[in-house]
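Please read the structure below before turning to the comments.
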Amino acid sequence: MLHIILFILKLLGLLILILLGLILLAVVLVLFVPVRYRGEGSYFKKVKGNMKISWLLHILSVTVRYEEEVLIAVRLFGIPMMRPKKMDEELKEAEEIMVQAMEIKEPETVKEARQLGRDVKKTVRGESENSQSVQKDIKETEQTVRTEQVEKESWLQALFRKIKKKLIHILERIKYLYNRICVTLRNMKEKKDEIQTFLSNSENQKTAKLLYRQGKRLVRHIFPIKGHGNVTFGFEDPGLTGQALMAASLLYPFFHKYWDLYPVFDRSVFTAEGTFRGRIRLGTVLMIGLRMLLDKNFRTLLKRWLH
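Letter by letter, the sequence shown follows residues 85 to 391 of the working numbering.
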(Lines of atoms letter the chains of each structure in order from A and count residues from 1; the text may use other names and numbers.)
(Lines give C-alpha, C1' and ligand atoms only; values in the text may rest on other atoms or scores of the structure.)
Protein backbone atom coordinates (compact mmCIF):
# COMPACT_ATOMS: atom_id res chain seq x y z
CA MET A 1 0.00 0.00 0.00
CA LEU A 2 2.83 2.36 0.88
CA HIS A 3 4.67 1.82 -2.40
CA ILE A 4 1.46 2.63 -4.31
CA ILE A 5 1.15 5.96 -2.47
CA LEU A 6 4.82 6.73 -3.14
CA PHE A 7 4.34 5.86 -6.82
CA ILE A 8 1.34 8.22 -7.03
CA LEU A 9 3.29 11.02 -5.31
CA LYS A 10 6.23 10.44 -7.65
CA LEU A 11 3.90 10.58 -10.65
CA LEU A 12 2.30 13.80 -9.37
CA GLY A 13 5.75 15.30 -8.84
CA LEU A 14 6.77 14.44 -12.39
CA LEU A 15 3.56 15.96 -13.76
CA ILE A 16 4.15 19.14 -11.74
CA LEU A 17 7.75 19.35 -13.00
CA ILE A 18 6.62 18.83 -16.60
CA LEU A 19 3.94 21.52 -16.18
CA LEU A 20 6.44 23.97 -14.66
CA GLY A 21 8.88 23.18 -17.47
CA LEU A 22 6.22 23.90 -20.09
CA ILE A 23 5.31 27.17 -18.37
CA LEU A 24 8.99 28.16 -18.20
CA LEU A 25 9.45 27.23 -21.86
CA ALA A 26 6.42 29.33 -22.84
CA VAL A 27 7.76 32.32 -20.87
CA VAL A 28 11.20 31.99 -22.49
CA LEU A 29 9.65 31.75 -25.96
CA VAL A 30 7.47 34.80 -25.38
CA LEU A 31 10.33 36.88 -23.96
CA PHE A 32 13.21 35.92 -26.23
CA VAL A 33 11.73 34.75 -29.55
CA PRO A 34 11.30 37.95 -31.58
CA VAL A 35 8.18 39.02 -33.40
CA ARG A 36 9.30 39.61 -36.98
CA TYR A 37 7.66 41.98 -39.42
CA ARG A 38 8.23 42.89 -43.03
CA GLY A 39 6.33 44.99 -45.47
CA GLU A 40 6.33 46.79 -48.76
CA GLY A 41 4.42 49.67 -50.22
CA SER A 42 4.16 51.72 -53.38
CA TYR A 43 2.43 54.72 -54.86
CA PHE A 44 1.71 54.80 -58.59
CA LYS A 45 -1.38 57.03 -58.79
CA LYS A 46 -2.84 54.94 -55.94
CA VAL A 47 -1.52 53.54 -52.68
CA LYS A 48 -0.76 49.83 -52.30
CA GLY A 49 0.91 48.01 -49.46
CA ASN A 50 1.10 44.85 -47.43
CA MET A 51 2.66 43.88 -44.13
CA LYS A 52 3.24 40.48 -42.53
CA ILE A 53 3.87 39.86 -38.83
CA SER A 54 5.02 36.39 -37.74
CA TRP A 55 6.17 34.69 -34.54
CA LEU A 56 7.96 31.42 -33.80
CA LEU A 57 8.56 29.97 -37.27
CA HIS A 58 5.24 31.38 -38.58
CA ILE A 59 3.18 29.44 -36.02
CA LEU A 60 1.25 32.69 -35.62
CA SER A 61 1.09 35.09 -38.55
CA VAL A 62 -0.91 38.20 -39.37
CA THR A 63 -1.10 39.60 -42.89
CA VAL A 64 -2.44 43.08 -43.61
CA ARG A 65 -3.01 44.25 -47.20
CA TYR A 66 -4.21 47.59 -48.48
CA GLU A 67 -5.44 48.24 -52.00
CA GLU A 68 -8.51 50.51 -51.92
CA GLU A 69 -9.55 48.58 -48.78
CA VAL A 70 -7.89 46.90 -45.80
CA LEU A 71 -7.73 43.09 -45.77
CA ILE A 72 -6.58 41.24 -42.63
CA ALA A 73 -5.80 37.52 -42.43
CA VAL A 74 -4.73 35.69 -39.25
CA ARG A 75 -3.29 32.16 -39.30
CA LEU A 76 -2.43 29.84 -36.41
CA PHE A 77 -0.37 26.77 -37.41
CA GLY A 78 -1.29 27.65 -40.99
CA ILE A 79 -5.03 27.47 -40.24
CA PRO A 80 -7.01 30.65 -41.09
CA MET A 81 -8.47 32.18 -37.91
CA MET A 82 -9.98 35.35 -39.47
CA ARG A 83 -11.88 35.49 -42.72
CA PRO A 84 -10.72 38.19 -45.16
CA LYS A 85 -13.09 41.04 -45.86
CA LYS A 86 -13.59 40.16 -49.54
CA MET A 87 -15.10 36.79 -48.67
CA ASP A 88 -17.68 38.55 -46.48
CA GLU A 89 -18.59 40.85 -49.37
CA GLU A 90 -19.05 37.85 -51.69
CA LEU A 91 -21.38 36.24 -49.15
CA LYS A 92 -23.40 39.46 -48.97
CA GLU A 93 -23.72 39.52 -52.76
CA ALA A 94 -24.89 35.88 -52.71
CA GLU A 95 -27.49 36.76 -50.07
CA GLU A 96 -28.76 39.67 -52.18
CA ILE A 97 -29.08 37.34 -55.20
CA MET A 98 -31.06 34.85 -53.10
CA VAL A 99 -33.35 37.60 -51.81
CA GLN A 100 -33.99 38.83 -55.34
CA ALA A 101 -34.76 35.28 -56.46
CA MET A 102 -37.23 34.85 -53.59
CA GLU A 103 -38.90 38.16 -54.44
CA ILE A 104 -39.47 36.95 -58.03
CA LYS A 105 -41.30 33.84 -56.80
CA GLU A 106 -43.41 35.48 -54.14
CA PRO A 107 -47.23 35.22 -54.49
CA GLU A 108 -49.40 37.87 -56.09
CA THR A 109 -51.15 38.62 -52.78
CA VAL A 110 -47.85 39.59 -51.21
CA LYS A 111 -47.08 41.84 -54.17
CA GLU A 112 -50.49 43.49 -53.86
CA ALA A 113 -49.96 44.05 -50.14
CA ARG A 114 -46.57 45.62 -50.81
CA GLN A 115 -48.06 47.87 -53.49
CA LEU A 116 -50.78 48.94 -51.06
CA GLY A 117 -48.13 49.76 -48.47
CA ARG A 118 -46.27 51.89 -51.01
CA ASP A 119 -49.48 53.77 -51.88
CA VAL A 120 -50.14 54.46 -48.19
CA LYS A 121 -46.57 55.73 -47.75
CA LYS A 122 -47.01 58.04 -50.75
CA THR A 123 -50.27 59.38 -49.30
CA VAL A 124 -48.68 60.01 -45.91
CA ARG A 125 -45.69 61.65 -47.58
CA GLY A 126 -48.01 63.94 -49.57
CA GLU A 127 -49.89 64.98 -46.43
CA SER A 128 -46.55 65.61 -44.68
CA GLU A 129 -45.45 67.82 -47.57
CA ASN A 130 -48.72 69.76 -47.40
CA SER A 131 -48.24 70.24 -43.66
CA GLN A 132 -44.72 71.45 -44.23
CA SER A 133 -45.91 73.95 -46.85
CA VAL A 134 -48.54 75.30 -44.41
CA GLN A 135 -45.90 75.70 -41.71
CA LYS A 136 -43.65 77.45 -44.20
CA ASP A 137 -46.47 79.90 -45.06
CA ILE A 138 -47.03 80.60 -41.35
CA LYS A 139 -43.33 81.27 -40.81
CA GLU A 140 -43.25 83.63 -43.80
CA THR A 141 -46.28 85.50 -42.45
CA GLU A 142 -44.66 85.86 -39.02
CA GLN A 143 -41.46 87.08 -40.65
CA THR A 144 -43.43 89.68 -42.63
CA VAL A 145 -45.17 90.93 -39.45
CA ARG A 146 -41.83 91.23 -37.64
CA THR A 147 -40.37 93.13 -40.59
CA GLU A 148 -43.26 95.61 -40.57
CA GLN A 149 -42.83 96.15 -36.82
CA VAL A 150 -39.13 96.86 -37.24
CA GLU A 151 -39.85 99.33 -40.04
CA LYS A 152 -42.29 101.20 -37.79
CA GLU A 153 -39.59 101.84 -35.24
CA SER A 154 -37.42 104.85 -35.48
CA TRP A 155 -34.27 104.27 -37.53
CA LEU A 156 -32.36 106.40 -35.02
CA GLN A 157 -33.25 104.07 -32.15
CA ALA A 158 -32.23 101.02 -34.17
CA LEU A 159 -28.88 102.63 -35.01
CA PHE A 160 -28.30 103.50 -31.34
CA ARG A 161 -28.99 99.94 -30.25
CA LYS A 162 -26.58 98.59 -32.88
CA ILE A 163 -23.79 100.95 -31.81
CA LYS A 164 -24.33 100.14 -28.12
CA LYS A 165 -24.32 96.40 -28.79
CA LYS A 166 -21.16 96.67 -30.87
CA LEU A 167 -19.35 98.72 -28.21
CA ILE A 168 -20.28 96.26 -25.48
CA HIS A 169 -19.03 93.39 -27.61
CA ILE A 170 -15.71 95.16 -28.31
CA LEU A 171 -15.19 95.95 -24.61
CA GLU A 172 -15.92 92.35 -23.65
CA ARG A 173 -13.41 91.07 -26.22
CA ILE A 174 -10.74 93.53 -24.96
CA LYS A 175 -11.36 92.42 -21.37
CA TYR A 176 -11.20 88.75 -22.38
CA LEU A 177 -7.93 89.22 -24.30
CA TYR A 178 -6.39 91.14 -21.41
CA ASN A 179 -7.28 88.37 -18.94
CA ARG A 180 -5.90 85.72 -21.31
CA ILE A 181 -2.62 87.63 -21.71
CA CYS A 182 -2.26 87.99 -17.95
CA VAL A 183 -2.95 84.28 -17.36
CA THR A 184 -0.52 83.29 -20.13
CA LEU A 185 2.27 85.49 -18.74
CA ARG A 186 1.67 84.18 -15.24
CA ASN A 187 1.71 80.57 -16.45
CA MET A 188 4.88 81.20 -18.47
CA LYS A 189 6.60 82.59 -15.39
CA GLU A 190 5.49 79.63 -13.28
CA LYS A 191 6.52 77.14 -15.97
CA LYS A 192 9.88 78.87 -16.36
CA ASP A 193 10.53 78.61 -12.63
CA GLU A 194 9.45 74.95 -12.63
CA ILE A 195 11.69 74.11 -15.60
CA GLN A 196 14.67 75.89 -14.04
CA THR A 197 14.08 74.07 -10.75
CA PHE A 198 13.76 70.74 -12.55
CA LEU A 199 16.92 71.21 -14.62
CA SER A 200 18.99 72.44 -11.70
CA ASN A 201 18.25 69.25 -9.72
CA SER A 202 21.10 66.75 -10.16
CA GLU A 203 18.80 63.73 -9.68
CA ASN A 204 16.49 64.99 -12.43
CA GLN A 205 19.48 65.47 -14.72
CA LYS A 206 20.54 61.85 -14.15
CA THR A 207 16.97 60.66 -14.79
CA ALA A 208 16.75 62.70 -18.01
CA LYS A 209 20.01 61.20 -19.29
CA LEU A 210 18.80 57.71 -18.39
CA LEU A 211 15.47 58.32 -20.15
CA TYR A 212 17.27 59.59 -23.25
CA ARG A 213 19.58 56.53 -23.40
CA GLN A 214 16.79 54.01 -22.86
CA GLY A 215 14.44 55.78 -25.28
CA LYS A 216 17.16 55.79 -27.93
CA ARG A 217 17.74 52.08 -27.31
CA LEU A 218 14.01 51.35 -27.60
CA VAL A 219 13.70 53.26 -30.88
CA ARG A 220 16.70 51.43 -32.34
CA HIS A 221 15.21 48.09 -31.31
CA ILE A 222 11.71 48.71 -32.69
CA PHE A 223 12.60 50.45 -35.95
CA PRO A 224 13.29 48.34 -39.07
CA ILE A 225 16.81 46.92 -39.32
CA LYS A 226 16.68 46.68 -43.11
CA GLY A 227 14.86 48.66 -45.74
CA HIS A 228 15.19 50.42 -49.04
CA GLY A 229 13.05 52.61 -51.22
CA ASN A 230 13.09 55.08 -54.07
CA VAL A 231 11.16 58.22 -54.89
CA THR A 232 10.71 59.78 -58.32
CA PHE A 233 9.40 63.34 -58.33
CA GLY A 234 9.10 66.27 -60.66
CA PHE A 235 7.08 69.41 -61.39
CA GLU A 236 6.06 71.19 -64.55
CA ASP A 237 8.33 74.05 -63.50
CA PRO A 238 11.99 72.81 -63.53
CA GLY A 239 12.93 75.55 -61.08
CA LEU A 240 10.45 74.22 -58.53
CA THR A 241 11.89 70.71 -58.97
CA GLY A 242 15.37 72.11 -58.33
CA GLN A 243 14.19 73.84 -55.16
CA ALA A 244 12.60 70.62 -53.90
CA LEU A 245 15.81 68.70 -54.65
CA MET A 246 17.83 71.34 -52.79
CA ALA A 247 15.55 71.04 -49.74
CA ALA A 248 15.78 67.23 -49.82
CA SER A 249 19.58 67.36 -50.11
CA LEU A 250 19.77 68.83 -46.60
CA LEU A 251 18.36 65.59 -45.14
CA TYR A 252 19.62 63.16 -47.76
CA PRO A 253 22.97 62.44 -46.00
CA PHE A 254 21.01 60.94 -43.10
CA PHE A 255 19.00 58.45 -45.19
CA HIS A 256 21.02 58.00 -48.39
CA LYS A 257 21.63 54.33 -47.50
CA TYR A 258 17.89 53.63 -47.43
CA TRP A 259 16.32 55.95 -50.01
CA ASP A 260 17.15 56.89 -53.60
CA LEU A 261 15.85 60.13 -55.11
CA TYR A 262 15.25 60.52 -58.85
CA PRO A 263 14.30 64.07 -59.90
CA VAL A 264 12.51 64.62 -63.23
CA PHE A 265 12.73 68.10 -64.75
CA ASP A 266 10.59 67.77 -67.88
CA ARG A 267 7.18 66.70 -66.46
CA SER A 268 5.06 66.52 -63.31
CA VAL A 269 5.36 63.10 -61.68
CA PHE A 270 5.48 61.46 -58.26
CA THR A 271 5.98 57.75 -57.59
CA ALA A 272 7.41 55.89 -54.62
CA GLU A 273 8.03 52.32 -53.52
CA GLY A 274 9.92 50.68 -50.69
CA THR A 275 10.42 47.61 -48.52
CA PHE A 276 11.37 47.17 -44.86
CA ARG A 277 11.81 44.45 -42.26
CA GLY A 278 12.57 44.26 -38.56
CA ARG A 279 11.94 42.43 -35.30
CA ILE A 280 10.73 43.23 -31.80
CA ARG A 281 11.81 41.16 -28.80
CA LEU A 282 9.44 41.48 -25.84
CA GLY A 283 12.21 40.68 -23.37
CA THR A 284 14.28 43.61 -24.59
CA VAL A 285 11.32 46.00 -24.30
CA LEU A 286 10.59 44.76 -20.76
CA MET A 287 14.25 45.15 -19.77
CA ILE A 288 14.24 48.76 -20.97
CA GLY A 289 11.05 49.48 -19.02
CA LEU A 290 12.41 47.69 -15.93
CA ARG A 291 15.63 49.67 -16.09
CA MET A 292 13.60 52.88 -15.97
CA LEU A 293 11.37 51.67 -13.11
CA LEU A 294 14.42 50.76 -11.01
CA ASP A 295 15.31 54.46 -10.92
CA LYS A 296 13.75 55.85 -7.75
CA ASN A 297 13.58 59.43 -9.02
CA PHE A 298 11.84 58.28 -12.23
CA ARG A 299 9.19 56.46 -10.17
CA THR A 300 8.62 59.63 -8.14
CA LEU A 301 8.25 61.78 -11.27
CA LEU A 302 5.97 59.19 -12.88
CA LYS A 303 3.64 59.11 -9.86
CA ARG A 304 3.54 62.91 -9.79
CA TRP A 305 2.70 63.03 -13.52
CA LEU A 306 -0.02 60.38 -13.21
CA HIS A 307 -1.69 62.18 -10.31
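Note that beta-carbon positions come from the ideal geometry of N, C-alpha and C, so glycine has one too.
*Do F319 and A328 have their CB atoms nearer than 9 angstroms?*
By one-based count along the sequence shown, residue 319 stands at place 235. By one-based count along the sequence shown, residue 328 stands at place 244. In contact: F319 and A328 (Cβ atoms closer than 9 angstroms).
_Whole angstroms are fine: how far does the CA of V303 sit from the CA of I279?_
Translated into the one-based positions of the sequence shown, residue 279 becomes position 195. Translated into the one-based positions of the sequence shown, residue 303 becomes position 219. Taking the straight line joining both Cα atoms gives about 26 angstroms.
*asked:* Suppose the cutoff is 6 angstroms on Cβ atoms and the five residues either side in sequence are ignored; what does the same chain contact list for P191 look like?
replied: Start at 1 with the first residue of the sequence shown, and residue 191 comes out as number 107. Bear in mind that the predicted position of P191 carries a pLDDT of just 45, short of 50, making it unreliable; the figure below should be weighed with that in mind. Same-chain partners within the cutoff: there are none.
*Output yes or no for whether 9 angstroms exceeds the beta carbon distance between R122 and T368.*
Sequence index remark: in the sequence shown, residue 122 carries index 38 (1-based). Sequence index remark: in the sequence shown, residue 368 carries index 284 (1-based). Contact flag unset, no.
*Return yes when the Cβ of F382 is within less than 9 angstroms of the Cβ of L295, no when it is not.*
In the sequence shown, the residue the question calls residue 295 occupies position 211. In the sequence shown, the residue the question calls residue 382 occupies position 298. It is a contact, given that the beta carbons lie within the stated cut-off.
*asked:* According to DSSP, H312 sits in a beta bridge with which residue or residues?
replied: As a working note, residue 312 is residue 228 in the sequence shown. Paired residue(s): T359.
*Count the CB pairs spanning the stretch 371-388 and the stretch 307-323 that are closer than 8 angstroms, and state whether there are at least three.*
no
*Neighbourhood of I143 by C-beta distance below 8 angstroms, restricted to the same chain and skipping five residues each side*: Position 59 of the sequence shown, counting from 1, holds the residue named residue 143. The beta carbon of I143 lies closer than 8 angstroms to those of L160, F161 in the same chain, with the five residues before and after it left out.
*Please classify S352: is it buried, with 16 or more other beta-carbons within 10 angstroms of its beta-carbon, or exposed?*
Translated into positions along the sequence shown, residue 352 becomes position 268. The residue is exposed, with fewer than 16 neighbouring Cβ atoms inside 10 Å.
*Endpoints, beta strand (DSSP E) assigned at V119*: Against the sequence shown, residue 119 aligns to sequence position 35. Its beta strand (DSSP E) spans residues 119-127.
_Between which two residues does the alpha helix (DSSP H) holding G367 run?_
Counted from its first residue, the sequence shown places residue 367 at position 283. Counting along the chain, the alpha helix (DSSP H) containing G367 begins and ends at 366-377.
*If we ignore side chains and look at the alpha-carbon of each, how far apart do I345 and E152 end up?*
Taking the first residue of the sequence shown as position 1, residue 345 is located at position 261. Taking the first residue of the sequence shown as position 1, residue 152 is located at position 68. The amino acid at residue 345 is misidentified as Ile; the sequence shows Leu. If I take the Cα positions, the gap works out to 26 angstroms.
_Nearest-angstrom Cα separation, counted from I306 out to V148_ = Reading the sequence shown from its first residue, position 64 is the one you call residue 148. Reading the sequence shown from its first residue, position 222 is the one you call residue 306. Spanning the two alpha carbons is a distance of roughly 19 angstroms.
*Does the separation of the CB atoms of W139 and V111 fall below 9 angstroms?*
Counting from one through the sequence shown, the residue named residue 139 turns up at place 55. Counting from one through the sequence shown, the residue named residue 111 turns up at place 27. No, these two residues do not count as a Cβ contact at 9 angstroms.
_Within the continuous beta strand (DSSP E) that includes R159, where are the two ends?_
As a working mapping, residue 159 is identified with position 75 in the sequence shown. First-last of the beta strand (DSSP E) with R159: 154-160.
*Collapsed DSSP secondary structure at Y59 in the structure displayed*: Because the chain is modelled from 85 through 391, residue 59 falls outside the range shown and cannot be assessed.
_Rounded separation between K259 and K275 - CA only_ = For the purposes of this step, residue 259 is taken as residue 175 along the sequence shown, with counting starting at 1. For the purposes of this step, residue 275 is taken as residue 191 along the sequence shown, with counting starting at 1. Using only the alpha carbons, I get a separation of about 24 angstroms.
_Per-residue DSSP class, three states only, for L294_ = As a first step, residue 294 must be located in the sequence shown, where it is residue number 210. Annotated three-state conformation of L294 is helix, per DSSP.
_To the nearest angstrom, how far is the alpha carbon of R388 from that of N271?_
To locate residue 388, count along the sequence shown from 1; it is residue 304. To locate residue 271, count along the sequence shown from 1; it is residue 187. Those two C-alpha atoms are separated by around 19 angstroms.
*Excluding the 5 residues preceding and the 5 following T325 in the sequence, name in chain order all residues of the same chain whose CB lies nearer than 6 angstroms to its CB.*
Residue 325 sits at position 241 when you count from the first residue of the sequence shown. Answer for T325: G318, F319, P347, F349, listed in chain order.
*Boundaries of the beta strand (DSSP E) in which I143 is found, first to last residue*: Taking the first residue of the sequence shown as position 1, residue 143 is located at position 59. Premise fails: I143 is in no beta strand (DSSP E) and is neither H nor E.
*Taking the C-alpha atoms as reference points, what is the distance between G323 and V154?*
Taking the sequence shown and counting its residues from 1, one reaches residue 323 at position 239. Taking the sequence shown and counting its residues from 1, one reaches residue 154 at position 70. So the two alpha carbons sit approximately 39 angstroms from each other.
*What number of angstroms, rounded off, separates the C-alpha of T355 from the C-alpha of H312?*
Taking the sequence shown and counting its residues from 1, one reaches residue 355 at position 271. Taking the sequence shown and counting its residues from 1, one reaches residue 312 at position 228. Roughly 15 angstroms separates the two Cα atoms.
*By how many angstroms is the C-alpha of P337 removed from the C-alpha of V315?*
Along the sequence shown, read from residue 1 onward, the residue named residue 315 stands at position 231. Along the sequence shown, read from residue 1 onward, the residue named residue 337 stands at position 253. Using only the alpha carbons, I get a separation of about 15 angstroms.
*For M165, I'd like the list of residues in its chain whose CB is within less than 8 angstroms of its CB, leaving aside the five on either flank, ordered along the chain.*
The sequence position of residue 165 within the sequence shown is 81, counting from 1. Contacts found: V158, R159.
*Can you tell me whether DSSP reads G330 as helix, strand or coil?*
What you label residue 330 is simply residue 246 of the sequence shown in a count that begins at 1. First, the amino acid is wrong: residue 330 is Met here, not Gly. The answer is helix: DSSP assigns M330 an H, G or I state.
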